[in-house]
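Start counting the sequence shown at 0; every next residue gets the next number (numbering that gives the first Met the number 0).
Everything below concerns the one structure shown next.
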Amino acid sequence: MKSIGSKWMVVLFVAVGVFMLFNGRAQAAYPEKPITLMVPFEAGGGVDGFARALASRMEKDLGVPVVVSNEKGSGGRRGSIALFKSAPDGYTIGFPHIATLIYDDTLGETKSPVDYSKYAVILRVDTATFFMYVDKKQPFKSVKDMKSAGQALKFASTGIGTPSWLIPSAVGSAAGFRTSFVSGHKNLAEAALAVARGDVVGGTGSYTHFRGVIDDVRPLVYMSDKKSYHLPDVPTIADLGFGKLSTLGVPWVIVGPPGTPEDKLEKLRGVLRKIIQQDEFKKWGLENGYEPDIMPPDVFWKKMGELKEVYLGLKPQMQEKK
Numbered sequence: 000m001k002s003i004g005s006k007w008m009v010v011l012f013v014a015v016g017v018f019m020l021f022n023g024r025a026q027a028a029y030p031e032k033p034i035t036l037m038v039p040f041e042a043g044g045g046v047d048g049f050a051r052a053l054a055s056r057m058e059k060d061l062g063v064p065v066v067v068s069n070e071k072g073s074g075g076r077r078g079s080i081a082l083f084k085s086a087p088d089g090y091t092i093g094f095p096h097i098a099t100l101i102y103d104d105t106l107g108e109t110k111s112p113v114d115y116s117k118y119a120v121i122l123r124v125d126t127a128t129f130f131m132y133v134d135k136k137q138p139f140k141s142v143k144d145m146k147s148a149g150q151a152l153k154f155a156s157t158g159i160g161t162p163s164w165l166i167p168s169a170v171g172s173a174a175g176f177r178t179s180f181v182s183g184h185k186n187l188a189e190a191a192l193a194v195a196r197g198d199v200v201g202g203t204g205s206y207t208h209f210r211g212v213i214d215d216v217r218p219l220v221y222m223s224d225k226k227s228y229h230l231p232d233v234p235t236i237a238d239l240g241f242g243k244l245s246t247l248g249v250p251w252v253i254v255g256p257p258g259t260p261e262d263k264l265e266k267l268r269g270v271l272r273k274i275i276q277q278d279e280f281k282k283w284g285l286e287n288g289y290e291p292d293i294m295p296p297d298v299f300w301k302k303m304g305e306l307k308e309v310y311l312g313l314k315p316q317m318q319e320k321k
């Protein structure tokens, strides 16, 4: 009996060893197939360009294709929702339009159908800090000058609740000028063209959005408490005394759907951190209008909490703008 028991113990130990060996290999094998990197905007925009630059470099470290998928629509909401509802297996990640989802839950008339706080954050990789600018043919040389306008100033926008609507509204409320909007632009580069043509008074966007028409527009303020690398002579919103509005940027954060396993998130986090900290990528970013900068999940969520508080503080003024 003792001999039989010993044999069963040996069999059990072998079985456990085999299971652990194969289980370890299965976990170590990630990723085994292509990864989809979702962008909630059309191809050719700022986020899209950044995503494609990351994807080509991620492939080298991960050993599998990283395919950018553009899921445009509804000011970034459509793709953000699709990403949220994707399988949490580590093979679908992407850039949700967090700022707009927070807007929907604080200032919007319709709440978002997804809980943005449940995204599995991998890493924030950049922030699209916006400028507010005007057609150079306009008489306004500063934000203060806009206060003297005798009518509402018309801005190009991609839709209600997007930063291109919220920022002029918030700055106008703070500085004392009225705004109106021409919405429906497909992207902020298209909106910049509308400003340059004189179709509207002004617009908003990061440097990547309007650098193609930089000779035809006049940036009036940079929505940050730090100077822009690309246009350091433009005053910051903090310089104008409205520092709380410096949070109104668009964080470019890469996430997985809720429930994505932490070991897979950490694998991707390490790859992204390595890429973004490389001098070659930083140089590429600055040359193309970006300012790559990483932020870990805990700090990112703290910043989003601050953004939510700013939105809530703007609620009385924003309700008047609708």
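The C-beta atom is built at its ideal place from N, Cα and C for all residues, glycine as well.
Boundaries of the alpha helix (DSSP H) around Ser79: 76-83. Secondary structure of Val233 (DSSP, three-state): coil. For Ile166, the uninterrupted alpha helix (DSSP H) run begins and ends at 162-174, by DSSP.
The criterion of a C-beta distance shorter than 8 Å is satisfied by Gly89 and Tyr29. A Cβ-Cβ separation of about 29 Å leaves Glu31 out of contact with Lys71 under the 8 Å criterion. When DSSP states are grouped into helix, strand and coil, Thr259 belongs to the coil group. Within the same chain, Cβ atoms closer than 6 Å to the Cβ of Gly44 are found at Asn186, the five residues on either side in sequence being excluded. For Met131, the enclosing beta strand (DSSP E) begins and ends at 130-134.
Between the alpha carbons of Asp224 and Glu305 lies a gap of roughly 15 Å.
Going by beta carbons, Ile274 and Arg123 fall outside the 8 Å limit.
Within the DSSP secondary-structure output, Gly202 pairs in a beta bridge with Tyr132. Contact check for Ile166 and Phe129: beta-carbon distance about 6 Å, within the 8 Å limit, so the pair qualifies.
Following the DSSP letters along the chain, one finds Arg51 in no beta strand (DSSP E) but inside the alpha helix (DSSP H) bounded by residues 45-61. Under DSSP, no beta-bridge partner is assigned to Phe209.
Under the three-pair Cβ rule at 8 Å, the stretch 207-214 counts as touching the stretch 178-193. Judged by pairs of C-beta atoms under 8 Å, the stretch 261-279 does not touch the stretch 230-240, as fewer than three such pairs exist. Here the stretch 144-161 does not lie against the stretch 273-289, with fewer than 3 beta-carbon pairs under 8 Å apart. Under the three-state reduction of DSSP, Arg272 is assigned to helix. With fewer than 16 other Cβ atoms from the protein chains shown falling within 10 Å of its own Cβ, Ser147 counts as exposed. Between the alpha carbons of Asp125 and Glu308 lies a gap of roughly 21 Å. Between the C-alpha atoms of Ala195 and Pro218 there is a straight-line separation of about 12 Å.
Annotated three-state conformation of Arg123 is strand, per DSSP. Runs of alpha helix (DSSP H) with 4 or more residues, each lying fully within the stretch 276-315, are found at 278-286, 296-312, listed in chain order. Residue environment: Tyr118 is assigned as buried (16 or more neighbouring CB atoms within 10 Å of its CB, all protein chains considered).
In the displayed model, Leu244 falls within a helix according to three-state DSSP. Of all alpha-carbon atoms in Val220, Ala169, Ile253, Gly312, the one lying nearest the alpha-carbon of Tyr132 is that of Val220. The C-beta distance from Val254 to Ile121 rounds to 6 Å, short enough to fall under 8 Å. Nearest C-alpha to Asp60 among Thr161, Asp144, Asp278, Gly269: Gly269. Asp134 has its alpha-carbon roughly 6 Å from the corresponding atom of Val200.
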